[in-house]
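Count along the sequence shown starting at 1, add 3, and that's the number in this note's numbering.
Note that CB positions come from ideal geometry on N, CA and C, so glycine has one too.
One structure is given below, encoded as C-alpha cells.
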Amino acid sequence: MENSNQISILESKLGLKLNEGKVAVVSSRYVAKRFNKDHADVTKVIKKLIKGIGKNTDTLFIETKYQHTQNRQWYKEYLLTKDGFSLVVMGFTGKEALEWKLKYINAFNKMEEYIKNQNSLVQGNQTMFLAQNIQQIASTMAQFMENSAIQLQQIKEQTKGEVKEIVRDSIIIKDQQIEQTAQLIGLRAKNTKMLVNALKEKLKNLTGCKVTAKDYIYEKAKNKLFKEFGVVAWEDISISKFNTVYSFIDGLEKEDIKIY
4 MENSNQISIL ESKLGLKLNE GKVAVVSSRY VAKRFNKDHA DVTKVIKKLI
54 KGIGKNTDTL FIETKYQHTQ NRQWYKEYLL TKDGFSLVVM GFTGKEALEW
104 KLKYINAFNK MEEYIKNQNS LVQGNQTMFL AQNIQQIAST MAQFMENSAI
154 QLQQIKEQTK GEVKEIVRDS IIIKDQQIEQ TAQLIGLRAK NTKMLVNALK
204 EKLKNLTGCK VTAKDYIYEK AKNKLFKEFG VVAWEDISIS KFNTVYSFID
254 GLEKEDIKIY
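Listed below in C-alpha cells is the structure:
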C-alpha cells in the first residue's frame with residue numbers, strides 16, 4: 004500500500020506512469036515543463052536522436068498523441084523511458100536542470116523497484132499454482148499406472164512432447180535476449196563516444212588547444228573522471244549515469260586538472 008502511494012505521488016508530481024508494457028515512462032511535455040523548455044525544442048532533440056540511433060528506438064521513445072484542452076486538437080508527443088530520458092536531457096545544463104535530472108532518475112529507479120516487486124509477487128503466485136498442478140498431475144499419473152500400462156505410455160509420450168516444446172521456447176527466448184543485448188551494446192558505444200567527445204571539447208575550451216586521446220591533459224582528466232565514478236573504462240559507465248557524467252565534465256575547471 005505504501006509503495007502504491009509513492010507511485011501515485013511520482014505520477015502526480017513528475018508525470019511518470021507505467022505504460023501497457025509495465026515500463027516507466029514520462030511524456031515529452033512533462034520534460035519540457037520541468038526543464039523550462041519549449042515542447043517543440045524537446046521534440047526536435049528526440050527526432051535528432053531517433054535519426055542518429057537509426058533503429059529499435061521504440062525502447063527509448065514511444066510516439067503518441069495528446070488532445071489540447073482548449074482547442075481539442077490532437078498533437079504529437081513522445082513517451083520517454085529511463086534511458087530515453089537520460090539521452091534527451093544529457094545536454095541540459097545548469098544547477099536547476101541538474102536537480103531535476105537527479106529527481107527523475109531517482110523516480111525512475113523507484114518505479115523499476117515497484118515493478119520488480121510486483122513481478123516477484125506474481126511469479127510467486129504462479130510458482131505456487133504450478134506446484135499444485137504438478138502434484139495433481141502426479142496423482143493422476145499414478146492412477147493411470149495402476150489402471151493401465153497403455154495409458155501410462157500415452158502420458159509419457161505426451162509429457163515428452165511438452166518438454167520438447169518448452170525447450171524450443173526457451174531457445175527462442177534466449178536468442179531474443181542475445182539480440183537485445185547486442186542492440187544495447189551498440190547504443191552504449193554511441194553514448195560512450197559522445198562522452199569522450201564532450202571531454203575533449205571541454206579540455207579544448209579550458210586550454211585553448213585541440214586535445215586528443217593521446218595528450219597528457221586528456222589522460223589526466225579521464226583518470227579523474229573514472230576515479231570519481233568508480234570505473235576503469237568508459238564502457239563500465241551505465242547508461243543511467245551518462246547524464247551525471249556529462250554534468251561532471253561540464254563542471255570541470257582548470258584547478259581540477261591543474262592547468263596553469
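Item	Value
Does the Cβ-Cβ distance between Leu255 and Lys213 come in under 7 Å?	no
How should Thr96 be labelled, buried or exposed, when 16 other C-beta atoms within 10 angstroms of its C-beta is the threshold for buried?	exposed
For Arg37, collect the residues of the same chain with a Cβ closer than 7 Å to its Cβ; drop the 5 residues on either side in sequence, then sort them by chain order.	Trp103
Which runs of the alpha helix (DSSP H) fall wholly inside the stretch 223 to 253 and span at least 4 residues, in chain order?	245 to 253
Measure from the C-beta of Gln161 to each C-beta in chain D and report whether the shortest distance is under 7 Å.	As a matter of chain content, chain D is missing from the structure shown, which is built from one protein chain.
Starting from Lys79, trace the beta strand (DSSP E) both ways and give me its first and last residue.	77 to 83
Span of the alpha helix (DSSP H) holding Lys51?	42 to 56
Bridge partners for Glu66 per DSSP, in chain order?	Tyr81
Using the Cα positions of Thr67 and Asp86, report the straight-line distance between them to the nearest angstrom.	18 Å
With a threshold of 16 other CB atoms inside 10 Å of the CB of Glu80, please say whether the residue is buried or exposed.	buried
Would DSSP call Leu198 helix, strand or coil?	helix
When you compare only the Cα positions, how much space is there between Ala185 and Ile176?	Here Ala185 scores only 47 on pLDDT, less than 50, and its place in the model should not be relied on; the value that follows carries that caveat. Roughly 14 Å between the two C-alpha positions.
Start and end of the beta strand (DSSP E) containing Val26?	It is not in any beta strand (DSSP E) - Val26 carries neither H nor E in the DSSP assignment.
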